[in-house]
Structure formats: C-alpha cells, structure tokens
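According to my numbering, the stretch in the sequence shown is residues 20 to 188, in order. For every residue, glycine included, the Cβ atom is placed at its ideal position computed from N, Cα and C. Beneath this line is the structure, given in structure tokens, with notes to follow.
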Amino acid sequence: IFLNKHLSSGINAEYGGFDLIGSVNNIDVIGVNGASLKKDHSDTPRAYYGITHHLCPNYFMLGGPGIVLGHNTVIYIGECQMTYYRSALEYILLSKISSVCLKESAMDEYQEWAIRKKQNKVFDDDKYCTGWYRNSRGINWTFWPTNLISFWWYTLKFDAENYDSVKMM
20 IFLNKHLSSG
30 INAEYGGFDL
40 IGSVNNIDVI
50 GVNGASLKKD
60 HSDTPRAYYG
70 ITHHLCPNYF
80 MLGGPGIVLG
90 HNTVIYIGEC
100 QMTYYRSALE
110 YILLSKISSV
120 CLKESAMDEY
130 QEWAIRKKQN
140 KVFDDDKYCT
150 GWYRNSRGIN
160 WTFWPTNLIS
170 FWWYTLKFDA
180 ENYDSVKMM
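What follows is the structure, encoded as structure tokens:
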C-alpha cells in the first residue's frame with residue numbers, strides 16, 4: 020500500500036518461485052533520495068515486522084522478510100500485519116499525517132533484537148537443521164524469531180513513536 024495526500028493504494032502480487040532472494044528483490048522499490056530497497060536488501064532482506072522499511076515512507080508490505088514460520092500458519096501472520104496496517108491508517112487519517120517513515124534507529128534495534136532471539140534456536144545455524152531459509156553466508160533472514168503471541172502483541176497497534184511523521188499542509 021502506498022499512501023500519499025490522496026490516499027491512493029497500489030497492490031502488486033509477484034511470484035518468485037523458491038528463489039527467496041529473487042522473490043524479495045523481484046521489484047526494485049525506490050525510496051528516500053533514490054535509495055534502492057533491492058540494494059539495501061542485497062542477500063539479507065530485512066523489514067520491521069516484515070511490514071515497513073526505513074528507506075521507504077508510506078510503504079507497507081504483506082509477508083515481507085523475517086516472518087516465515089516453521090511452526091504455524093503464515094495466514095495468522097498476515098492477519099496480524101493487516102491489524103498493524105489498519106492501526107497505521109487510523110493514525111495517519113486521524114492525525115492528518117501525509118507521510119510516515121520508519122526511523123532507521125527503530126529498524127536497527129529491531130534487527131538486533133531478531134538476531135538475539137534467533138540465537139541457539141534450531142534454525143539459527145547448521146548445527147541442528149540445514150535448509151533453504153539461510154543465504155549463502157548462513158544468515159537466517161527469513162524466520163520470525165519467537166512465537167505467534169509475541170508477533171500478535173507487537174503488531175496489535177501502530178507504534179507511531181518509531182516513525183517520523185509529516186503533517187498535512
């Protein structure tokens with residue numbers, strides 16, 4: 020969903036097969052100051068709760084990097100993400116905001132948290148389980164690091180304090 024003054028939306032569905040990096044980088048989204056999401060992703064795509072990215076204002080993904088599950092249904096993840104979107108839209112509309120952009124510090128803190136939470140878990144390295152979910156350097160960028168209740172809790176409400184907002188003129 021792309022939001023601007025007119026609150027238009029665009030939805031684009033792509034299928035990339037089992038090439039995870041290729042499917043995430045299939046469309047090169049250009050953000051702030053011409054920054055390329057594809058270039059930022061490289062071989063380790065990242066997104067805040069699989070939803071937003073600090074380089075792209077008003078950009079919300081469904082099923083973005085870091086939300087794959089090995090223990091439950093991704094449909095529930097999508098439902099939680101939609102709750103977050105709804106809460107973000109409510110905030111944007113009621114606060115008369117024209118733009119929201121994730122703070123880079125929030126993205127960095129979230130990524131550090133996710134890495135810490137994955138440590139010593141079955142999908143962290145090749146010790147217990149090898150598979151398709153790591154890049155060529157062995158980094159697991161695909162899996163959600165904790166349980167579904169925590170994902171529900173983190174996405175229950177749009178956390179405006181982690182975003183820079185621009186008021187409508």
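Through-space distance from residue j to residue i, alpha-carbon basis
{"i": "G150", "j": "L108", "result": "37 Å"}
{"i": "E123", "j": "H73", "result": "5 Å"}
{"i": "Y110", "j": "T63", "result": "30 Å"}
{"i": "T71", "j": "M126", "result": "9 Å"}
{"i": "L113", "j": "E98", "result": "22 Å"}
{"i": "D183", "j": "L175", "result": "19 Å"}
{"i": "H60", "j": "N44", "result": "8 Å"}
{"i": "Y152", "j": "I94", "result": "19 Å"}
{"i": "T161", "j": "A179", "result": "25 Å"}
{"i": "F170", "j": "Y68", "result": "8 Å"}
{"i": "F177", "j": "S106", "result": "5 Å"}
{"i": "N77", "j": "I96", "result": "20 Å"}
{"i": "W172", "j": "Q100", "result": "11 Å"}
{"i": "I116", "j": "G50", "result": "18 Å"}
{"i": "D47", "j": "K140", "result": "32 Å"}
{"i": "L88", "j": "R135", "result": "17 Å"}
Buried or exposed by the 16-neighbour rule on C-beta atoms within 10 Å, applied to residue i
{"i": "I40", "result": "buried"}
{"i": "M187", "result": "exposed"}
{"i": "Q138", "result": "exposed"}
{"i": "G83", "result": "buried"}
{"i": "I168", "result": "exposed"}
{"i": "V119", "result": "buried"}
Residue range of the unbroken alpha helix (DSSP H) whose run includes residue i
{"i": "V93", "result": "93–113"}
{"i": "I40", "result": "39–43"}
{"i": "H90", "result": "Looking at the DSSP string, H90 is not in any alpha helix (DSSP H), and its letter there is neither H nor E."}
Residue i - containing beta strand (DSSP E), residue span
{"i": "S118", "result": "116–121"}
Bridge-paired residues (DSSP) for residue i
{"i": "S61", "result": "Paired residue(s): none; S61 is not in a bridge."}
{"i": "V185", "result": "S118"}
{"i": "I49", "result": "S55"}
{"i": "Y67", "result": "T71"}
Check: residue i C-beta below 7 Å from any heavy atom of the ligand MN
{"i": "M187", "result": "Ligands are entirely absent from the displayed structure, and the ligand MN is therefore not among its contents."}
Inset, instruction - Please list the segments of the alpha helix (DSSP H) lying wholly inside the stretch 120–183, counting only runs of 4 or more residues, in order along the chain. - result: 123–137, 167–174
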